[in-house]
Amino acid sequence: MLVIQQLVNGLMLGGVYVMVAVAFTLIIGMLNFLNFTIPALFMFAAVLMYATMMGHLPFGNDLILSIFGTEYRWVAGIIVALVVIALVSLVIERFTYRYMKAKYGDATEHALPLVSSLGFLIIFEHLVVSTWGSDPLTATSPFGQGTFSIDTIIFSVPQIVSLVLSLIVVVMLSVMLKATKLGRALRAIAERPDTAILMGVEVGRIVPVVYVITGLLCAVSGILFTINYATVDAYVGDTVATVAIAGMVLGGLGNVWGAIIGGLFIGMLEVMSIYIVGADFAKLPIWGLLLVLLVFKPTGLFGHTLIGKGKF
Amino acid sequence: MSGYLESQLIILCLSIVYAYGIFLPAASGQLNLGAAGFITLGAYASAWFNASTGAELPIWLSIPLAMIFTGIIAFAISFPILRTRGVYMVLATFAFAEVVSGVAINLEFVGGAAGFPVDDHADVTVIVPVTIAVILFSFYFMSTRLGLSLRSIHDDESVATLFGVNVRTSKVVAFTVGAMLMSLGGSLYGHHYNYIEAQTFNVLLSIYILLYVLMGGTQTAWGPLIGATFFAIVPEALREIAESAGLKWLAEGRFILFGVFIVLLMVFRPEGVMTRTLQDRLGGGLFRRKKPVADDMTGGS
Chain A
1 MLVIQQLVNG
11 LMLGGVYVMV
21 AVAFTLIIGM
31 LNFLNFTIPA
41 LFMFAAVLMY
51 ATMMGHLPFG
61 NDLILSIFGT
71 EYRWVAGIIV
81 ALVVIALVSL
91 VIERFTYRYM
101 KAKYGDATEH
111 ALPLVSSLGF
121 LIIFEHLVVS
131 TWGSDPLTAT
141 SPFGQGTFSI
151 DTIIFSVPQI
161 VSLVLSLIVV
171 VMLSVMLKAT
181 KLGRALRAIA
191 ERPDTAILMG
201 VEVGRIVPVV
211 YVITGLLCAV
221 SGILFTINYA
231 TVDAYVGDTV
241 ATVAIAGMVL
251 GGLGNVWGAI
261 IGGLFIGMLE
271 VMSIYIVGAD
281 FAKLPIWGLL
291 LVLLVFKPTG
301 LFGHTLIGKG
311 KF
Chain B
1001 MSGYLESQLI
1011 ILCLSIVYAY
1021 GIFLPAASGQ
1031 LNLGAAGFIT
1041 LGAYASAWFN
1051 ASTGAELPIW
1061 LSIPLAMIFT
1071 GIIAFAISFP
1081 ILRTRGVYMV
1091 LATFAFAEVV
1101 SGVAINLEFV
1111 GGAAGFPVDD
1121 HADVTVIVPV
1131 TIAVILFSFY
1141 FMSTRLGLSL
1151 RSIHDDESVA
1161 TLFGVNVRTS
1171 KVVAFTVGAM
1181 LMSLGGSLYG
1191 HHYNYIEAQT
1201 FNVLLSIYIL
1211 LYVLMGGTQT
1221 AWGPLIGATF
1231 FAIVPEALRE
1241 IAESAGLKWL
1251 AEGRFILFGV
1261 FIVLLMVFRP
1271 EGVMTRTLQD
1281 RLGGGLFRRK
1291 KPVADDMTGG
1301 S
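Protein chains in written order, with the working numbering: chain A, 1 to 312; chain B, 1001 to 1301.
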């Protein structure tokens, strides 16, 4: 029974990784680069959620309190985090992709977007450290610790809600990719950007949309993280994102469903290895698996070989 | 020399040695995000060879032995890792570093999670000459036929193959020698601070070292030197200026400004600060090649 309980916990943890993994996979699939602003956005959303809920924003706390009251400040937190992250994503798009594209033809030709995104990672981590300090920040969950159990296996209600929510978001995303005009344009860019332009896809207008979508995925994930685990700090994004990267590679770069399965699997692998071999060894199975996978089957479970043909 | 300046000088020297270790593969277009892994290997191996609980060798033997040890491991993993390219190589080296750190934390005979004390001390009179030697070696390395091959692979791999460059050998040598340099840096770190723990060598360290190299520029051997010096000096200088001007927010948030600077640098100088064109322009006749070979093809912006 304890094993099943651990599997359930792993699934819940995987729910956090899923959205971050999908965000990584979207950017790699569409634009062919590893976007290191994703951990920053995840962390920034989580911290904003904390700060709004606990009234620790640098300004505007009284305004939020007077509109939402103490009861519903978590609603304000969600709104603030989503809006700020969407705006920030647009700024990041300008500096990691658009100017490079306009100036040098192909942005992925050099390691440009990679380096710029690392620059943004540094900016956001230090922004948070200099505003809120580098100690862990603890929030009180607005939903308490509701649990229910089926046959001695305990489920936490907020965690179930967030797992379901993250799956719904990702399913909506993949339906959007499959069925809408925007999704078709996105898939065309992923397939071959030059041909997509010839076919009348407005790449300059679609790419910001990709950034905003991935930014919002990170934001939702970060918000759920704050609600579920209650403790955030400036470096929480690094930890989550590195594991999410492993999940993404497992599923295959550029494949949304692969990222979902990979993310859930990595969450379970992490919890199970902590349970079986202890917390000190927990890193080894994940990174060992990733290394072996990259060397012997770099396409992962569901990836296809076109992805990653660009330089970085 | 004051204690503060000396400690800054040590950090600068170590950064430079690390940066050259990443630069050699980067000169052939291979991005290595696993610096922390090789540094960990070097630091732990050298500490163990030196320790009274280990092989009890003197420091001048333990450091070269650690380099050879890291070199063998790097050589062995370079074949599978160099099969991958682009973003896959970034991820594979990164995973390798995480595996090394995971193993180091769990090895009880090198202290495990508690960290490992290092016996012999290496002070500034050792580290500075070694750093200078590393810089000279890298300049020499890049001027050899092999260095030229690396540059040609960086610019266009398929054309390099057509001209008879042995791409795989060049990449393996660059990767291995780079790993040995990082190992040297790691063992100097251990012997200077006399205490190592695997958690110090984390992802952020790998990221920073990669940034030194890419900001400095991968086209010339000046790149890592400029990048590492810049990274070591600018944040400290910003802090000094901000504190003397009484700007507390700037002193605390200087890294924000620094991140902004990285982003802007990539907009204006995508190939890093130092490019071959700039080197020719600055050096005048000193570095000028006898026949100017189509600068506009490789000269960045």
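Cβ coordinates follow ideal geometry from the N, Cα and C atoms, glycine included.
Only a predicted model underlies this, so the values are computations on that prediction, with no experimental measurement involved.
Between the CA atoms of A:Ser117 and A:Leu34 - distance to the nearest angstrom: 9 Å
Report the residue from A:Val295, A:His126 and A:Ile92 whose alpha carbon sits nearest the alpha carbon of B:Leu1250. A:His126
In three-state terms, what does DSSP make of B:Thr1298? Any reading at B:Thr1298 needs caution, since the residue's pLDDT is 48, under 50, leaving its predicted position unreliable; the model's value is listed next. B:Thr1298 falls in the helix class under three-state DSSP.
Which ranges does the alpha helix (DSSP H) cover as unbroken runs of at least 4 residues, wholly within the region 1186-1218 of chain B, from first to last along the chain? 1203-1216
Less than 6 Å between C-beta atoms, sequence neighbours within five positions excluded: which residues of the same chain meet that for B:Ile1081? Ala1092
Is the Cβ of A:Gly119 closer than 8 Å to any Cβ of chain B? Answer yes: the Cβ-Cβ gap between A:Gly119 and chain B drops below 8 Å somewhere.
Classify B:Phe1109 as buried or exposed, calling it buried when 16 or more other Cβ atoms lie within 10 Å of its own Cβ. exposed
A:Ile28 touches chain B at which residues, Cβ-Cβ below 8 Å? Residues of chain B passing the Cβ test: Val1087.
Counting only Cβ pairs nearer than 7 Å, list the residues of chain B close to A:Ala111. Going along chain B in sequence order, the residues near A:Ala111 (Cβ under 7 Å) are Leu1031 and Leu1214.
Using 10 angstroms around the beta-carbon of A:Met1, count the other beta-carbons present and answer buried if the total reaches 16, otherwise exposed. exposed
Of the choices A:Thr299, A:Ser134, A:Thr37 and A:Pro158, whose alpha-carbon is the least far from that of A:Gly252? A:Thr299
Residues of chain B with CB under 7 Å from A:Val240, in chain order? Going along chain B, no residue has its Cβ under 7 Å from A:Val240, so there is no contact; the nearest lies around 12 Å.
Local conformation of A:Val292 per DSSP, three classes: helix
Chain-ordered chain A contacts of B:Glu1108 [CB-CB under 9 Å]: The contact set of B:Glu1108 on chain A, defined by CB atoms closer than 9 Å, is empty, because the minimum CB distance reaches about 11 Å.
Integer-rounded CB distance, given that B:Ser1101 should sit under 8 Å from B:Ala1045: The Cβ separation is near 14 Å, so there is no contact.
Between A:Val240, A:Leu31 and A:Asn255, which has its C-alpha nearest A:Lys283's C-alpha? A:Val240
For B:Glu1098, decide whether its Cβ has a neighbour in chain A, counting only Cβ atoms nearer than 8 Å. Taking a beta-carbon distance threshold of 8 Å, B:Glu1098 counts as an interface residue toward chain A.
Taking 8 Å as the CB-CB cut-off, is A:Gly288 touching chain B? yes
Look at the alpha carbon of B:Ala1314 and the alpha carbon of A:Trp287, and state the distance between them as a whole number of angstroms. Given that chain B is displayed from residue 1001 to residue 1301, the structure contains no residue 1314 of chain B and the question cannot be resolved.
Selection of the region 1173-1188 of chain B by Cβ proximity to chain A, strictly under 7 Å: none
Three-state secondary structure (DSSP) of B:Thr1131: Correct three-state label for B:Thr1131: helix.
Between the alpha carbons of B:Pro1230 and A:Ala179, how many angstroms are there, rounded? The question names Pro, yet the displayed sequence has Phe at residue 1230 of chain B. Just so you know, the alpha carbons of B:Phe1230 and A:Ala179 end up roughly 50 Å apart.
Quickly, what does DSSP pair A:Leu137 with across the bridge? List them, please. A:Val232
Under 8 Å Cβ-Cβ, which residues of chain A neighbour B:Leu1091? Identification of chain A residues near B:Leu1091 by a Cβ-Cβ cut-off of 8 Å yields Leu34, Ile245, Val249, Leu290 and Leu294, ordered along the chain.
Got a sec, what are the start and stop residues for the beta strand (DSSP E) A:Thr70 sits in? Annotation: A:Thr70 is outside any beta strand (DSSP E) and is labelled neither H nor E by DSSP.
Following the continuous beta strand (DSSP E) through A:Ser156, name the residue where it begins and the one where it ends. Ile153 to Ser156
Any contact between the region 1185-1192 of chain B and the region 1012-1021 of chain B? By contact I mean 3 or more CB pairs, one from each, below 8 Å. A contact between stretches requires three or more CB pairs, one per stretch, nearer than 8 Å, and the region 1185-1192 of chain B meets this requirement with the region 1012-1021 of chain B.
I believe B:Gly1272 touches B:Thr1218 by the beta-carbon criterion, under 8 Å. Please report the beta-carbon distance rounded to the nearest angstrom. 6 Å
Using the DSSP secondary-structure output, state which residues sit across from A:Thr353 in a beta bridge. Absent from the model: residue 353 of chain A. The displayed extent of chain A is 1 to 312, so no value can be given.
C-alpha gap between A:Val22 and A:Pro39, whole angstroms: 13 Å
Report the neighbours of B:Leu1211 on chain A: residues whose CB is nearer than 7 Å to its CB, in chain order. Val115 and Leu118
Does DSSP put B:Phe1116 in a helix, in a strand, or in coil? strand
Can you tell me whether A:Thr239 is helix, strand or coil according to DSSP? Three-state result, A:Thr239: helix.
Alpha helix (DSSP H) segment containing A:His126, residue limits: Leu112 to Trp132
Check the Cβ of B:Gly1259 against every Cβ in chain A and list those closer than 9 Å, keeping chain order. Going along chain A in sequence order, the residues near B:Gly1259 (Cβ under 9 Å) are Leu118, Gly119, Phe120, Leu121, Ile122, Ile123, Phe124, Glu125, His126 and Leu127.
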